[in-house]
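The numbering of the sequence shown is this note's numbering, which starts it at 1410 and goes up by one. Beta carbons are placed, not taken as given, at the ideal position from N, Cα and C, and that holds for glycine. Since we're looking at a predicted model, the values are computed, not measured. Have a look at the structure below before the remarks.
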Amino acid sequence: MAKANTVRILGLTDDELIAISRRGLLSLTLEEMRAIKDYYSRLKRNPTDLELETLAQTWSEHCFHKTFKSRITYTEAVAGSETTTTIPGLFSLIREATDRTRKPWCLSLFKDNAGIIALDKNDCVAFKVETHNHPSALEPYGGAGTGIGGVIRDILGAGLGSKPILNTDIFCFGPLSTPRDELPAEVFHPRRLFRGVVSGVRDYGNRMGIPTGNGAILFDEGYLYNILVFCGTVGVMPRRMIGKKVKPGHLVVLIGGRTGRDGIHGATFSSASLEKDIPTSVVQIGNPIVEKKVLDAMLV
1410 MAKANTVRIL GLTDDELIAI SRRGLLSLTL EEMRAIKDYY SRLKRNPTDL
1460 ELETLAQTWS EHCFHKTFKS RITYTEAVAG SETTTTIPGL FSLIREATDR
1510 TRKPWCLSLF KDNAGIIALD KNDCVAFKVE THNHPSALEP YGGAGTGIGG
1560 VIRDILGAGL GSKPILNTDI FCFGPLSTPR DELPAEVFHP RRLFRGVVSG
1610 VRDYGNRMGI PTGNGAILFD EGYLYNILVF CGTVGVMPRR MIGKKVKPGH
1660 LVVLIGGRTG RDGIHGATFS SASLEKDIPT SVVQIGNPIV EKKVLDAMLV
């Protein structure tokens, strides 16, 4: 049985705290490391590596969406004078626009693994999209494959289970004509990224029997160093399958492929800027054949 190790943070300087965050791929800021240090100072003990990893994952941009939730204050020039405005956050702004124009056919929004809208009086459509930029920049084929695999999973988890019928994508790369010597050695050339990402999404969907029915590709210099890999899946389900409730006595079932060491720090590394020393092990290894078996078992 694995044993949790103690990580010494009490009594450390700011530089030492940041070193722990960087060395462990925790992507925690100095302010966050100080908050953790203060908390464990009150407990009069150091955290374990398991506790520190849990906090890093839970607080990551990938999981908690700190940028979208943060209050934003900005100044703009209006009619010759400057006006300062504060908004509660980008997520609130996005949700407010949707809530303001919500229609009767919007059946489930902002509360499940996918958005669900009406198809007809008996059935509905679930739609989920997600970016997988960092993993795809680090390992184009595998990163894009697990990107589409993740949204397929979320469609399966919408309501009591939606049947995936279509994949979609939008990819943005740097110009394919970019000279190799103009890029840092650790940055993949757009041609390699293009071939790997397109193949990754295509192959994963094909192996699950889900067609990639539409998409778009853009080439621009703005994406030379940080590509955009936007994956989506559409599913259909009966309206009666939308709601779900957890009740006392319900069991938790773990289903899928074996858990390996791949993908560790996937959430935290995706929340920081790309650096040349990040190991490829942070990219999860996808398994479309096993996910197809899960799909069949759930929707039988």
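Considering only the alpha carbon of each residue, which of ASP1629, PHE1597, ALA1411, LYS1475 lies closest to GLU1441? Per the Cα distances, LYS1475.
Please say whether GLY1568 and ASP1521 have beta carbons closer to each other than 8 Å? Judged by their CB atoms, ASP1521 and GLY1568 are nearer to each other than the 8 Å cut-off.
Which residues DSSP lists as bridging ILE1496, in chain order: Answer is ILE1481.
Find the nearest neighbour of GLY1566 within the set GLN1693, VAL1703, LEU1437, judged by alpha-carbon distance. With distances taken between Cα atoms, GLY1566 lies closest to VAL1703.
Among VAL1645, VAL1661, THR1507, ILE1673, whose alpha-carbon lies nearest the alpha-carbon of LEU1708? Closest by alpha carbon: VAL1645.
Cα separation between LEU1659 and PHE1603? According to the sequence as given, residue 1659 is His; it is not Leu. If you take the alpha carbons of HIS1659 and PHE1603, they lie about 45 Å apart.
Restricting to Cα atoms, I'd like to know which of ALA1535, ARG1417, GLY1695, VAL1416 is closest to ARG1616. GLY1695
Among all the DSSP beta bridges, which residues are the ones paired with ILE1557? The partner list for ILE1557 (beta bridge, DSSP) is empty, contrary to what the question assumes.
Excluding the five sequence neighbours on either side, which residues of its own chain have a C-beta within less than 8 Å of the C-beta of THR1457, listed in chain order? ALA1413, ASN1414, THR1415, VAL1416
Only counting the same chain, and skipping five residues up and downstream in sequence, which positions put a Cβ closer than 7 Å to that of LEU1439? ASP1423, LEU1426, ILE1427
Considering only C-alpha positions, which residue in the set SER1430, ARG1648, ILE1664 is nearest to CYS1515? ARG1648
Roughly how many angstroms separate the alpha carbons of ILE1651 and ASP1705, rounded to a whole number? 19 Å
Assuming THR1510 and LEU1518 make a contact with CB atoms under 8 Å, what is their CB distance in whole Å? With a Cβ gap of about 11 Å, THR1510 and LEU1518 do not count as contacting.
Quick one: what does DSSP say LEU1708 is sitting in, helix, strand or coil? coil
Does the Cβ-Cβ distance between ASN1455 and LEU1502 come in under 8 Å? no
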